[in-house]
Amino acid sequence: MSALIQVNNVTKKYGGLIANNDISFDVSENEILSVIGPNGAGKSTLFKMISSFTPTTSGEVLYRGEPISNLKPYVVARKGIVRTFQETTIFKSMTVRESVVVAQHLRAKASLAGYFWGSRTAKEDVTAFGEYADELLEFLGMSEIANELASNLPQGNLRALGIAIGLATDPKVLLLDEPFAGMNHDETMNMVNLVRSVRDERGVTVMLVEHDMPAVMNISDRIVVLNFGEKIAEGTPSEIQNNEKVIEAYLGSADDEIGM
Amino acid sequence: MMMGFSKKQLVGVGVFLVAIFVGVPLLINMTGRWDFYFTLTSVALLAIASAGVWLTFYIGRINIGQGAFALIGAYVSAILVVKAGWSFWISLPAAGLIAGLVAVLIGLPILRLRGVYFAMITLVLTQVVTLTALALPITNGAKGISNIPLPSGASIFGIPLIPDFGAMENTKLAFYLTACILMVVTYAALYRLVNSRLGHLCRSMQQNEELASSIGVNIAYIRIVIFAISSFFGGIGGAMFGSIAQSVYPSTFVVADSVNFMLNCFLGGLGYVFGPILGTLVLYFGWDLLFELGKYQMLVYSIILIAVIRFLPNGLLSIRFGKGNNK
Chain A
1 MSALIQVNNV TKKYGGLIAN NDISFDVSEN EILSVIGPNG AGKSTLFKMI
51 SSFTPTTSGE VLYRGEPISN LKPYVVARKG IVRTFQETTI FKSMTVRESV
101 VVAQHLRAKA SLAGYFWGSR TAKEDVTAFG EYADELLEFL GMSEIANELA
151 SNLPQGNLRA LGIAIGLATD PKVLLLDEPF AGMNHDETMN MVNLVRSVRD
201 ERGVTVMLVE HDMPAVMNIS DRIVVLNFGE KIAEGTPSEI QNNEKVIEAY
251 LGSADDEIGM
Chain B
1 MMMGFSKKQL VGVGVFLVAI FVGVPLLINM TGRWDFYFTL TSVALLAIAS
51 AGVWLTFYIG RINIGQGAFA LIGAYVSAIL VVKAGWSFWI SLPAAGLIAG
101 LVAVLIGLPI LRLRGVYFAM ITLVLTQVVT LTALALPITN GAKGISNIPL
151 PSGASIFGIP LIPDFGAMEN TKLAFYLTAC ILMVVTYAAL YRLVNSRLGH
201 LCRSMQQNEE LASSIGVNIA YIRIVIFAIS SFFGGIGGAM FGSIAQSVYP
251 STFVVADSVN FMLNCFLGGL GYVFGPILGT LVLYFGWDLL FELGKYQMLV
301 YSIILIAVIR FLPNGLLSIR FGKGNNK
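Taken in sequence, the protein lines are chains A and B. Going by UniProt numbering, the letters in the first sequence line up with residues 1 to 260, in that order. Going by UniProt numbering, the letters in the second sequence line up with residues 1 to 327, in that order.
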């Protein structure tokens, strides 16, 4: 296992406020790594810096040794690091299938002009996109809602749609922003299995930011814990569960909260 | 995500083509209302410019600056024909390309603005181009460029493609047919564009820019491409207009024209590719029909417009096709 993503001494300041202070860790190929921490610990900011949705104040993020921080988000996506969003960031007036087809545009072989004139490569692309969309939706168990309008979907399906859109880009690394938020136990377990199969069957490295402790302990190979913008711990789920600092950060009632 | 037309749509398109290329000339021949040719030619050309505005709406930008690009197109064509001696038929695409090029230069700094900010800047744009035309020596100031020769004939390898307009007895019909052909080509291209990958990427950006960039869409690039195509249509419409009027002045396209291009889109329906054609037709004829009202013309006209936009927010075509149907 080699380091796929290296986060090197990354700091983010908003004026006087330090959202992330000197954070370093590695993400290995084919692992599921979670970033956890109490509200306001700086998880989302860290996520935005890795996907270049916000610049770093100092430090850098490397992907296979190549800097990817402070680029444009679409450039990072093209390198294969794709993020999903919380809540309702979707293409509202597209169907599930249309969304997944559009999201495959990085896989296009024909140029935009080729599509306009209807070149043979473009036609092949369109067929391939459709087939891959069907395959992906089946893999995600979403075939039945393929032709539903995104804006008509319930919350749980929206989260899955977000992952479907992310996966459609054929990513190497998928960054999931709170994939279990607002889900009940069953939905969470379904999502845990889904994320795991994304890694196991599609070879996608997964990094996620999450609040839901049982789910995180269940799914993660390794965990990074943030508190007040600082990294306070890093390790396997069992190491994290027994870490003094982590227990302290979670109000001392950590045994109930973190316990499986 | 329809690639082709449905049967019903094909019939509709067929009826429309027969109506404009056969029906209208027949009717005018029967009634002797030759002046209608000029009106309908204008409608066709204004509809071409409006198609561009519709396209900028498609990337979620309110464009009140199409008059600027129409004026640029008209001047470029006039200057190339009068001063450089080019054939009009070569100056026509050149006018579109230069309007598109100017759009790239202007679009780079302003296309990141949204909503009312983008709208305000484009609104100013028409005035800027008008004032520039007044100031520059090559555009001949307030006197403009007049006595532009009629389009000459064109041929490839000795095979005549387009007859010499100057040698014609009746240029009205020729201009009408030319404008209609241009309009049909424009809207065919627009329809194709909207239903190809570029159109799908535009839809993704319009619905959620963050999500679009997360799947690797280069939003800034696509915006520029769309704005350039939009202005290309403006330039083509303007150049053809100048050629028919055989003159171009700084006041050929003013701010009010830019506003009208936008209203054409609103009126026809932003959800329908062919909306601007209907919008232009209704707006142009509506104004003329109310001529009898004299000083109340503007008042009644405005009230009707407000009522239409209030009660048919999806445009006139929504009566026919219902909501959300992408035609």
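Cβ atoms here follow ideal geometry from the backbone N, Cα and C, with glycine treated the same way. If you're wondering where the values come from, they're calculated on a predicted model, not measured in any experiment.
- Task: Could you run through the region 77-97 of chain A and flag, in chain order, every residue whose CB is less than 8 Å away from some CB of chain B?
- Result: 77, 78, 82, 83, 84, 85, 89, 90, 91, 92, 93, 94
- Query: Helix, strand or coil: how does DSSP classify residue 136 of chain B here?
  - Reply: coil
- Query: What residues in the region 138-165 of chain A bring their beta carbon closer than 7 Å to a beta carbon of chain B?
  - Reply: 165
- Separation of residue 56 of chain A from residue 124 of chain A, as counted between CA atoms: 41 Å
- Message: Can you tell me whether residue 183 of chain B is buried or exposed? The criterion is at least 16 other CB atoms within 10 Å of its CB, across all chains shown.
- Response: buried
- Have a look at the DSSP bridge pairing and note the partners of residue 50 of chain A. Per DSSP, none; premise fails for residue 50 of chain A.
- Please list the partners that residue 218 of chain B has in chain A, where partner means a Cβ-to-Cβ separation under 7 Å. 74
- If you draw a straight line from the alpha carbon of residue 116 of chain B to that of residue 26 of chain A, how long is it in whole angstroms? 44 Å
- Contact set between the region 104-122 of chain A and chain B, restricted to residues whose Cβ is under 7 Å from the partner: 105, 106, 108, 112, 115, 116
- Host beta strand (DSSP E) of residue 59 of chain A (start-end): 58-63
- What do you reckon, are the CB atoms on residue 72 of chain B and residue 129 of chain B nearer than 9 Å? yes
- Closer than 9 Å, CB to CB, is residue 186 of chain A near chain D or not? Included in the structure are the protein chains A and B, with no chain D among them.
- Message: What residue range does the beta strand (DSSP E) around residue 34 of chain A cover?
- Response: 32-36
- Label residue 260 of chain B either buried or exposed according to how many other C-beta atoms from any shown protein chain fall within 10 Å of its C-beta, with 16 as the threshold for buried. buried
- Message: Looking at residue 265 of chain B: is its Cβ nearer than 9 Å to the Cβ of residue 42 of chain B?
- Response: no
- Quick one: is residue 207 of chain B near chain A, going by C-beta distance under 9 Å? yes
- C-alpha distance - residue 236 of chain B paired with residue 242 of chain B, whole-angstrom precision: 10 Å
- Message: Going by DSSP in three states, residue 149 of chain B sits in which element: helix, strand or coil?
- Response: coil
- Query: Does residue 102 of chain A get closer than 9 Å to chain B when you measure Cβ to Cβ?
  - Reply: yes
- Query: Once you ignore the five residues that flank residue 140 of chain A on each side, which residues in its own chain have a CB closer than 8 Å to its CB?
  - Reply: 160, 163, 164, 167, 194
- Item | Unbroken beta strand (DSSP E) run spanning residue 6 of chain A, endpoints | 3-14
- Query: Taking Cβ positions only, does residue 3 of chain A come closer than 9 Å to chain B?
  - Reply: no
- Quick one: what does DSSP say residue 230 of chain A is sitting in, helix, strand or coil? strand
- residue 155 of chain B - partner residues in DSSP beta bridges: B/160
- Message: Residues in the same chain with beta-carbon distance under 7 Å from residue 285 of chain B, minus the five sequence neighbours each way, listed in chain order, please.
- Response: none
- Cα-Cα separation between residue 260 of chain A and residue 50 of chain A, rounded to whole angstroms: Only weak support is given to the placement of residue 260 of chain A: the predicted model assigns it a pLDDT of 44, under 50, and the value that follows is read from those uncertain coordinates. If I take the Cα positions, the gap works out to 30 Å.
- Query: Using a C-beta cutoff of 9 Å, does residue 76 of chain B count as contacting chain A?
  - Reply: no
- Message: Quick check on the burial criterion: 16 or more other C-beta atoms within 10 angstroms. Buried or exposed for residue 231 of chain B?
- Response: buried
- Message: How far does the beta strand (DSSP E) with residue 81 of chain A in it extend, from its first residue to its last?
- Response: 81-83
- Inter-stretch contact at 8 Å, needing at least 3 Cβ pairs: the region 153-168 of chain B / the region 10-23 of chain B: no
- Message: So, at 8 Å on beta carbons, what are the nonlocal neighbours of residue 1 of chain A in its own chain, with the 5 sequence-adjacent residues on each side left out?
- Response: With a pLDDT of 49 at residue 1 of chain A, under the threshold of 50, the predicted position of this residue should be treated as unreliable, and no value is reported.
- Would residue 91 of chain A be called buried (16 or more neighbouring beta carbons within 10 Å of its own) or exposed? buried
- For the region 105-120 of chain B and the region 85-97 of chain B, state whether three or more C-beta atom pairs, one from each stretch, are separated by less than 8 Å. no
- Message: Cβ closer than 8 Å: which chain A residues qualify as neighbours of residue 211 of chain B?
- Response: 85, 89, 90, 91, 165
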